[in-house]
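J.: With the sequence shown counted from 1, adding 502 to any position gets you my numbering.
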Amino acid sequence: MPTTRKVGAGDYIFRFGDPGDCAYVIDSGEVQIIVSVDGEDRIASRLDAGKLFGEMAIIDRRARMASAIAATDCILTVITIDQLNTRLDLLDPVLRLCLDTITGRLRSAMHTNPLLVPATAESRHDLIDGASSAISAVTRIRLENELRFAINDNQLCLYLQPILDLANSQIVGFESLIRWKHPQRGVIGPDEFIPVAESSGLIGGITDWVLAEACRARAELMAKAPLGGRMLEDAFISVNLSAQDLVSPALAERLMGHLRDHDLPPECVKLEITESLLMSAPELAARSLGQCRDMGFQVAIDDFGTGFASFGYLQQFAVDGLKIDRRFISGLASAAKDRAIVGSMINLASSLDIPVIAEGIEDQQQADVLSELGCGYVQGFLYARPAPWQDLMGVDLLTVQRRRSSDQGAASSQPKAKQKPFARKKAEAL
Ligand code: C2E
Ligand code: CA
Ligand code: CA
Numbered sequence: 503m504p505t506t507r508k509v510g511a512g513d514y515i516f517r518f519g520d521p522g523d524c525a526y527v528i529d530s531g532e533v534q535i536i537v538s539v540d541g542e543d544r545i546a547s548r549l550d551a552g553k554l555f556g557e558m559a560i561i562d563r564r565a566r567m568a569s570a571i572a573a574t575d576c577i578l579t580v581i582t583i584d585q586l587n588t589r590l591d592l593l594d595p596v597l598r599l600c601l602d603t604i605t606g607r608l609r610s611a612m613h614t615n616p617l618l619v620p621a622t623a624e625s626r627h628d629l630i631d632g633a634s635s636a637i638s639a640v641t642r643i644r645l646e647n648e649l650r651f652a653i654n655d656n657q658l659c660l661y662l663q664p665i666l667d668l669a670n671s672q673i674v675g676f677e678s679l680i681r682w683k684h685p686q687r688g689v690i691g692p693d694e695f696i697p698v699a700e701s702s703g704l705i706g707g708i709t710d711w712v713l714a715e716a717c718r719a720r721a722e723l724m725a726k727a728p729l730g731g732r733m734l735e736d737a738f739i740s741v742n743l744s745a746q747d748l749v750s751p752a753l754a755e756r757l758m759g760h761l762r763d764h765d766l767p768p769e770c771v772k773l774e775i776t777e778s779l780l781m782s783a784p785e786l787a788a789r790s791l792g793q794c795r796d797m798g799f800q801v802a803i804d805d806f807g808t809g810f811a812s813f814g815y816l817q818q819f820a821v822d823g824l825k826i827d828r829r830f831i832s833g834l835a836s837a838a839k840d841r842a843i844v845g846s847m848i849n850l851a852s853s854l855d856i857p858v859i860a861e862g863i864e865d866q867q868q869a870d871v872l873s874e875l876g877c878g879y880v881q882g883f884l885y886a887r888p889a890p891w892q893d894l895m896g897v898d899l900l901t902v903q904r905r906r907s908s909d910q911g912a913a914s915s916q917p918k919a920k921q922k923p924f925a926r927k928k929a930e931a932l
């Protein structure tokens with residue numbers, strides 16, 4: 503179904519009794535909602551740009567109770583029944599029951615008095631907390647429609663950011679960070695579109711694309727890296743997962759399929775899951791990630807320290823890495839508190855024999871403090887910004903290493919303790 507629809511002035515958008523297969527948001531123009539009162543057509547309401555209509559029939563999956571006519575030439579954004587169903591499936595069961603009840607009452611009220619349409623439509627808008635919510639809902643639907651198209655139109659792009667061993671500046675792995683190359687808006691970051699992908703159910707397809715692309719990148723980078731790929735042969739590639747990826751029963755199998763395509767071992771893939779996601783669904787995470795670890799994949803906790811976590815989960819889960827969030831790193835050189843917090847995290851991880859990656863290192867002072875605190879691994883703009891993985895093919899990755907090694911020589915501090923290396927043998931007891 504097209505994501506937008508143009509309708510000429512005077513044309514019907516839908517008629518009374520039609521099956522309700524989509525709702526519309528008006529991008530431009532005016533729409534009249536027509537109801538039949540005692541056999542006579544009456545205008546129940548006139549709607550203009552930004553207004554939603556036709557939603558009731560897709561919520562309760564019944565026929566249209568009114569007709570809609572374009573009063574002027576109109577451009578409409580289409581919301582399909584599938585888009586709505588995905589959201590309803592994610593909805594809290596109590597909210598869903600309330601929605602079904604309201605819709606049922608509305609229908610029976612409209613049988614008695616069809617002119618109720620405008621009043622109910624307006625009050626529904628009030629209910630979802632006014633114009634700003636409506637606008638952001640519309641923006642999300644448009645973004646979702648464009649994203650659906652973008653996936654099939656090869657607009658997604660995988661960036662990689664190197665992760666280095668702080669002691670010797672060798673690259674130990676890369677984090678996969680997705681970007682959307684939007685034809686009009688340029689490069690869009692994941693913070694803007696991943697939440698839309700999550701609420702619309704598109705995330706499964708996106709994660710699958712990321713996994714496939716990350717495996718391809720890992721294989722090709724290895725093959726073309728200097729020294730015949732020797733310096734990268736133990737390098738891992740990490741991928742960020744969302745909550746719905748954990749629900750997907752086929753996550754591990756799909757991953758295995760992508761690895762087989764490139765003849766790669768599971769040990770080279772690290773799955774990053776945020777601490778807050780882990781805390782929101784601990785049983786699910788334990789089951790799904792346990793399965794992935796049994797198959798040989800590595801698992802790391804992302805944004806460590808931000809998720810109101812209890813350390814109890816470190817007892818329950820076997821993990822291969824903790825990533826200290828950027829917000830603790832930015833003040834590291836100046837704030838004694840940040841230094842104390844990061845120091846405790848590193849000590850905790852060291853005593854549990856879990857490698858630590860500090861994220862978001864932007865200057866040498868931060869790197870020096872981390873080195874003093876005994877942090878094992880680092881990632882940040884100081885070393886390399888995320889870049890399309892194909893761009894890394896033409897770069898001598900040793901230059902990152904050499905440059906950092908010589909900087910390191912100038913740094914006075916030495917790492918406090920060498921942390922456990924990342925490389926994980928398949929048979930390692932967990
Ligand atoms: P994250 O997993 O915490 O990723 C690290 C973020 O920090 C990235 O932002 C990276 O570009 C940024 N970063 C790295 N070094 C520095 C630094 O020195 N300074 C500053 N200011 N920032 C730095 P990005 O790429 O915008 O990604 C944002 C978030 O989006 C990620 O946070 C991750 O949660 C999510 N994300 C990215 N790619 C994917 C994906 O493929 N799937 C899913 N589900 N989420 C993704
Ligand atoms: Ca991450
Ligand atoms: Ca992070």
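Built from N, CA and C at the ideal position, the CB exists for glycine as well.
1. Using only alpha-carbon positions, find the residue among GLY809, ALA860, ALA820 that is nearest to LEU834.
2. DSSP three-state label for GLU933, please.
3. Can you round the beta-carbon distance between VAL771 and PHE799 to whole angstroms, since I take them to be within the 8 Å contact cut?
4. In this structure, does DSSP put ASP520 in helix, strand or coil?
5. Shortest alpha-carbon distance to SER782 belongs to which of THR582, GLN746, CYS717, ASP763?
6. Quick one: Cα of ALA714 to Cα of SER678, how far?
7. Short of 6 Å in beta carbon distance, which residues of its chain neighbour ARG681, apart from the five on each side in sequence? Order them along the chain.
8. Can the beta-carbon of THR506 be found closer than 8 Å to that of ILE583?
9. Can you find the residues in the same chain that come closer than 7 Å, C-beta to C-beta, to GLY531, ignoring five residues on each side of it along the sequence?
10. Heavy atom of ligand 1 less than 7 Å from the Cβ of ASP893, yes or no?
11. Are the CB atoms of LEU875 and GLY845 within a distance shorter than 8 Å?
12. May I have the straight-line CA-CA distance separating LEU872 from LEU780, to the nearest angstrom?
13. Output the distance between the C-alpha atoms of ALA559 and ARG642, rounded to the nearest integer angstrom.
14. Could you name each continuous alpha helix (DSSP H) segment of 4 residues or more that falls completely within the region 744-825, going from the start of the chain to the end?
15. If the criterion is Cβ atoms closer than 8 Å, does the pair ALA934 and VAL537 meet it?
16. Identify whether CYS600 lies in helix, strand or coil by the three-state DSSP scheme.
17. Is it the case that the CB of ASP804 approaches a heavy atom of ligand 2 more closely than 7 Å?
18. With a threshold of 16 other CB atoms inside 10 Å of the CB of THR776, please say whether the residue is buried or exposed.
19. Would LEU761 and CYS794 qualify as a contact pair, given that the criterion is a beta-carbon distance under 8 Å?
20. On the three-pair Cβ rule with 8 Å, is the region 719-727 touching the region 693-700?
21. Under three-state DSSP, which class holds ASN742?
22. Once the 5 residues before and after ARG841 are set aside, which same chain residues still bring their CB inside 8 Å of it?
23. Can you find the residues in the same chain that come closer than 7 Å, C-beta to C-beta, to SER750, ignoring five residues on each side of it along the sequence?
24. Take ALA869 as the anchor and find which of MET797, ALA669, ASN742 has the nearest alpha-carbon.
25. Any idea if PHE883 is buried or exposed, counting beta-carbon neighbours within 10 angstroms, 16 or more meaning buried?
26. Please report the residue range of the alpha helix (DSSP H) in which THR574 lies.
27. Can you tell me where the alpha helix (DSSP H) with ILE974 in it begins and where it stops?
28. Among ALA754, LEU586, PHE676, which one has its Cα closest to the Cα of ARG789?
29. Could you tell me how far apart the beta carbons of VAL580 and CYS524 are, in whole angstroms, since I believe they sit closer than 8 Å?
30. Since I believe ASP520 is in contact with ARG566 (beta carbons under 8 Å), could you give me their beta-carbon distance rounded to a whole number of angstroms?
31. Could you check what DSSP says for LYS726 in three-state terms: helix, strand or coil?
32. Pull up the distance between the alpha-carbon of CYS717 and that of SER778, whole angstroms please.
33. Give a yes or no on whether the C-beta atoms belonging to GLY807 and SER832 are separated by under 8 Å.
T.: Short version:
1. Locating residue 834 in the sequence shown gives position 332, where the first residue counts as 1. Comparing Cα-Cα distances from LEU834 to each of GLY809, ALA860, ALA820, the minimum goes to ALA860.
2. No answer is possible for residue 933: the residues shown for the chain start at 503 and end at 932.
3. Counting from one through the sequence shown, the residue named residue 771 turns up at place 269. Counting from one through the sequence shown, the residue named residue 799 turns up at place 297. Taking C-beta atoms under 8 Å as the contact rule, VAL771 and PHE799 qualify, at a distance of about 5 Å.
4. Walking along the sequence shown from the start, residue 520 turns up at place 18. Three-state result, ASP520: coil.
5. Taking the first residue of the sequence shown as position 1, residue 782 is located at position 280. Nearest C-alpha to SER782 among THR582, GLN746, CYS717, ASP763: GLN746.
6. Your numbering for residue 714 matches position 212 in the sequence shown. Your numbering for residue 678 matches position 176 in the sequence shown. Going by the C-alpha atoms only, they are around 11 Å apart.
7. As a first step, residue 681 must be located in the sequence shown, where it is residue number 179. The residues are CYS659, TYR661, VAL689.
8. Start at 1 with the first residue of the sequence shown, and residue 506 comes out as number 4. Start at 1 with the first residue of the sequence shown, and residue 583 comes out as number 81. In this structure, THR506 sits away from ILE583, with a CB-CB distance that is not shorter than 8 Å.
9. By one-based count along the sequence shown, residue 531 stands at place 29. Setting aside the 5 residues that flank it on each side, GLY531 is surrounded in the same chain by ALA572, THR574, ASP575, CYS576, ILE577, each with a C-beta closer than 7 Å to its C-beta; the list follows chain order.
10. For this step, residue 893 is matched to residue 391 along the sequence shown. Annotation for ASP893 indicates a beta carbon at 7 Å or more from all heavy atoms of ligand 1.
11. By 1-based counting over the sequence shown, the position of residue 845 is 343. By 1-based counting over the sequence shown, the position of residue 875 is 373. The answer is yes: Cβ separation under 8 Å.
12. One-based indexing of the sequence shown puts residue 872 at position 370. One-based indexing of the sequence shown puts residue 780 at position 278. The alpha-carbon atoms of LEU872 and LEU780 are separated by roughly 26 Å.
13. Working through the sequence shown from its first residue, we reach residue 559 at position 57. Working through the sequence shown from its first residue, we reach residue 642 at position 140. Going from the Cα of ALA559 to the Cα of ARG642 covers about 21 Å.
14. Unbroken alpha helix (DSSP H) stretches of 4 residues or longer found wholly inside the region 744-825: 745-749, 753-764, 777-782, 784-796, 814-818, given in chain order.
15. No answer is possible for residue 934: the residues shown for the chain start at 503 and end at 932.
16. Within the sequence shown, numbered from 1, the residue matching residue 600 stands at position 98. Look at CYS600 here: in three-state DSSP terms it is helix.
17. Counted from its first residue, the sequence shown places residue 804 at position 302. Under cutoff, so the answer is yes.
18. Taking the first residue of the sequence shown as 1, we reach residue 776 at position 274. With 16 or more Cβ atoms within 10 Å of its Cβ, THR776 is classed as buried.
19. Your numbering for residue 761 matches position 259 in the sequence shown. Your numbering for residue 794 matches position 292 in the sequence shown. Remark: C-beta atoms of LEU761 and CYS794 do not approach each other more closely than 8 Å.
20. Result no; under three Cβ-Cβ pairs closer than 8 Å.
21. Counting from 1 along the sequence shown, the entry for residue 742 is found at position 240. Correct three-state label for ASN742: strand.
22. Here residue 841 corresponds to residue number 339 of the sequence shown, with the count starting at 1. Only LEU834, VAL871, LEU875 meet the Cβ criterion.
23. Start at 1 with the first residue of the sequence shown, and residue 750 comes out as number 248. The answer, listed in chain order, is GLY706.
24. Looking up residue 869 in the sequence shown gives position 367. When C-alpha distances from ALA869 are compared across MET797, ALA669, ASN742, the shortest belongs to ALA669.
25. Position 381 of the sequence shown, counted from the start, is the residue given in the question as residue 883. Flag for PHE883 reads exposed.
26. As a position in the sequence shown, residue 574 is number 72, starting the count at 1. Membership of THR574 in any alpha helix (DSSP H) is not indicated, and neither H nor E is assigned to it by DSSP.
27. No information on residue 974 is available, as it lies outside the stretch 503 to 932 that the chain covers here.
28. Indexing the sequence shown from 1 puts residue 789 at position 287. Closest in C-alpha terms to ARG789, from the list ALA754, LEU586, PHE676, comes ALA754.
29. Start at 1 with the first residue of the sequence shown, and residue 580 comes out as number 78. Start at 1 with the first residue of the sequence shown, and residue 524 comes out as number 22. Your pair VAL580 and CYS524 checks out as a contact, with CB atoms roughly 5 Å apart and the cut at 8 Å.
30. Residue numbering aside, residue 566 sits at position 64 when the sequence shown is read from its first letter. Residue numbering aside, residue 520 sits at position 18 when the sequence shown is read from its first letter. Cβ atoms of ARG566 and ASP520 come within 8 Å of each other, at about 5 Å.
31. Start at 1 with the first residue of the sequence shown, and residue 726 comes out as number 224. If DSSP states are grouped into helix, strand and coil, LYS726 belongs with the helices.
32. Locating residue 717 in the sequence shown gives position 215, where the first residue counts as 1. Locating residue 778 in the sequence shown gives position 276, where the first residue counts as 1. Counting only the Cα atoms, SER778 lies some 26 Å from CYS717.
33. Walking along the sequence shown from the start, residue 807 turns up at place 305. Walking along the sequence shown from the start, residue 832 turns up at place 330. No.
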